[in-house]
Amino acid sequence: MYYLMLTVSAMLLGADFALNKIYQRIYGTAPKTVFLFNSLLGLITTGIFFAVNGFHLNFSLYSFIMAGLMSLLVMCYNMIGFRLLKSGTMAMYTLFLMTGGMVLPYIWGLLFLNEPFSVLRTAALMIILSGVVLSNFSGERANLKQIGMCAAVFILNGCVSIISKMHQSQTIYESVNAVEFIILGGISKFLLAGILFLVLKNKDNSESVSISLKKAVIIIASSSMIGGVSYMLQLLGAKSLPATVLYPFITGGSIVFAALAGVIVFKEKLSAKLIISVILCFAGTLMFL
Numbered sequence: 028m029y030y031l032m033l034t035v036s037a038m039l040l041g042a043d044f045a046l047n048k049i050y051q052r053i054y055g056t057a058p059k060t061v062f063l064f065n066s067l068l069g070l071i072t073t074g075i076f077f078a079v080n081g082f083h084l085n086f087s088l089y090s091f092i093m094a095g096l097m098s099l100l101v102m103c104y105n106m107i108g109f110r111l112l113k114s115g116t117m118a119m120y121t122l123f124l125m126t127g128g129m130v131l132p133y134i135w136g137l138l139f140l141n142e143p144f145s146v147l148r149t150a151a152l153m154i155i156l157s158g159v160v161l162s163n164f165s166g167e168r169a170n171l172k173q174i175g176m177c178a179a180v181f182i183l184n185g186c187v188s189i190i191s192k193m194h195q196s197q198t199i200y201e202s203v204n205a206v207e208f209i210i211l212g213g214i215s216k217f218l219l220a221g222i223l224f225l226v227l228k229n230k231d232n233s234e235s236v237s238i239s240l241k242k243a244v245i246i247i248a249s250s251s252m253i254g255g256v257s258y259m260l261q262l263l264g265a266k267s268l269p270a271t272v273l274y275p276f277i278t279g280g281s282i283v284f285a286a287l288a289g290v291i292v293f294k295e296k297l298s299a300k301l302i303i304s305v306i307l308c309f310a311g312t313l314m315f316l
């Protein structure tokens with residue numbers, strides 16, 4: 028039952044990435060569109076998880092600062108990711124995004140948190156990194172600019188996961204629980220991205236912005252709902268499955284389902300090397316189980 032929930036969660040993440048690409052195709056890759064996306068997503072996410080938490084919220088300055096830093100990094104990789112989705116495939120984007128979110132915190136844990144070393148997981152790490160490197164040579168479109176964007180997405184999402192891990196594992200500062208941390212992240216994202224969006228809003232006339240908002244709310248609300256359900260399934264799975272099983276399963280599954288969504292929904296063509304890269308990363312994540 029728990030593995031079924033995680034499978035559904037990974038499928039929903041694949042659908043969420045598809046909504047990201049739909050938004051990017053409609054509104055482009057300008058900074059204003061990224062700020063609008065993040066601001067509305069932060070607002071809707073806050074409402075959903077505030078309700079899930081029983082309309083109750085504890086506050087911690089440390090948690091709010093960490094959530095704000097995470098939101099800033101997420102906006103940065105969203106801005107780069109939208110451009111990557113425009114020039115590349117969903118498979119390539121999710122490959123770098125999700126593997127970075129798993130590989131870097133694992134290395135961080137070994138170096139700074141005294142987590143136990145595992146030969147099998149280190150071998151899995153090498154397999155995943157081999158798949159990531161191979162994907163850079165998956166087609167004619169691969170160039171230094173695209174490789175740089177892929178590397179940036181990998182590092183930025185890895186840093187997001189490290190911050191989340193530090194927040195959950197530290198015992199020095201007063202902090203909130205996982206759901207409340209998501210709420211604080213939504214608030215900080217809404218405020219930060221909203222201010223930046225309003226700064227750029229004056230460049231457009233009010234009518235075009237109004238139409239844009241109506242269309243954007245539907246896409247972003249759908250993304251928030253799908254992402255929220257996916258995360259709730261992960262929380263349910265976390266009650267009986269260890270993190271060493273949960274996160275690799277979600278990472279590998281979301282990479283595969285996002286690649287399938289790209290092929291089915293957007294008719295993307297995957298090169299043989301990119302397909303091998305996805306298989307390698309999926310196999311590597313399974314070795315973490």
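This note's numbering numbers the first residue of the sequence shown as 28 and each following residue consecutively.
Ideal Cβ positions, reconstructed from N, Cα and C, are used throughout, including at glycine.
Here the structure is a predicted model, which is why all the values come from computation and not from measurement.
Considering Cα atoms alone, identify which of Phe-139, Met-97, Ile-246 is closest to Cys-186.
For the set Phe-139, Met-97, Ile-246, the Cα lying nearest the Cα of Cys-186 is the one of Met-97.
Euclidean distance between Cα positions of Ile-155 and Ser-304
Take the alpha-carbon of Ile-155 and the one of Ser-304: they are about 8 Å apart.
Could you give the DSSP three-state label for Gly-55: helix, strand or coil?
Of the three classes helix, strand and coil, the one that applies to Gly-55 here is coil, per DSSP.
With distances taken Cα to Cα, identify the nearest neighbour of Lys-172 among Glu-142, Lys-216, Ile-107.
Closest in alpha carbon position to Lys-172, among Glu-142, Lys-216, Ile-107, is Ile-107.
Go through its chain and collect everything with a Cβ distance to Phe-319's Cβ below 7 Å, but skip five positions before and after it.
Since the first residue shown for the chain is 28 and the last is 316, residue 319 is missing from the structure and cannot be characterised.
Whose C-beta lies closer than 6 Å to the C-beta of Leu-68 among residues of the same chain, with five residues either side of it excluded?
Sequence-distant partners of Leu-68 (beyond 5 residues in either direction) whose C-beta falls short of 6 Å from its own C-beta, in its chain, are Ile-247, Ser-251.
Residue span of the alpha helix (DSSP H) that contains Ile-199, given as start and end
Element bounds for Ile-199: n/a, residue is neither H nor E.
Going straight from the alpha carbon of Ile-222 to that of Ala-299, what length do you get?
Ile-222 and Ala-299 have their C-alpha atoms roughly 43 Å apart.
Starting from the Cα of Ala-38, find the closest Cα among Gly-254, Ile-302, Cys-308 and give me that residue.
Just to set this straight, residue 38 is Met in the shown sequence, not Ala. With distances taken between CA atoms, Met-38 lies nearest to Gly-254 out of Gly-254, Ile-302, Cys-308.
Close-in-space but distant-in-sequence residues of the same chain around Ala-310 (CB under 7 Å, 5 per side omitted):
Within the same chain, Cβ atoms closer than 7 Å to the Cβ of Ala-310 are found at Ile-154, the five residues on either side in sequence being excluded.
Boundaries (first-last residue) of the alpha helix (DSSP H) holding Lys-113:
88-114 is the span of the alpha helix (DSSP H), which, as asked, contains Lys-113.
Exposed unless 16 or more other CB atoms sit within 10 angstroms - verdict on Gly-175:
A residue is called buried once 16 or more other Cβ atoms fall within 10 Å of its Cβ, and Gly-175, having fewer, is exposed.
Are there 16 or more other CB atoms within 10 angstroms of the CB of Val-226, so buried, or fewer, so exposed?
That one is exposed.
Measure the C-alpha to C-alpha separation of Ser-215 and Gln-261 and round it to an integer number of angstroms.
Those two C-alpha atoms are separated by around 23 Å.
Take Phe-86 and list the residues in its own chain whose beta-carbon comes closer than 8 Å to its own, dropping the five residues that flank it on each side.
The residues are Val-203, Leu-211.
Out of Lys-228, Leu-46, Ile-190, Leu-147, state which residue places its alpha-carbon closest to the alpha-carbon of Ala-57.
Ranking the options by Cα distance to Ala-57, first place goes to Lys-228.
DSSP three-state call for Met-1: helix, strand or coil?
For residue 1 there is no data in the structure shown, the boundaries of the chain being 28 and 316.
Check whether Gly-128 and Ser-188 have beta carbons under 7 Å apart
Less than 7 Å divides the Cβ of Gly-128 from the Cβ of Ser-188.
Minimum C-alpha distance to Asn-132 - residue among Met-119, Arg-148, Thr-121, Leu-112:
Checking the sequence, you will find Pro at residue 132 rather than Asn. Out of Met-119, Arg-148, Thr-121, Leu-112, Arg-148 has the C-alpha closest to the C-alpha of Pro-132.
Ala-150: buried (16+ other C-beta within 10 angstroms of its C-beta) or exposed?
The residue is exposed, with fewer than 16 neighbouring Cβ atoms inside 10 Å.
The alpha helix (DSSP H) enclosing Phe-139, as first and last residue numbers
Element bounds for Phe-139: 117-139.
According to DSSP, simplified to helix, strand and coil, what is Asn-85?
It is coil, neither helix nor strand.
Count the other CB atoms within 10 Å of the CB of Ala-205; is the residue buried (16 or more) or exposed (fewer)?
When all chains shown are included, Ala-205 counts as exposed.
Give the secondary structure of Ser-267 by DSSP, where H, G and I count as helix, E and B as strand, and everything else as coil.
Reduced to three states, the DSSP call for Ser-267 is coil.
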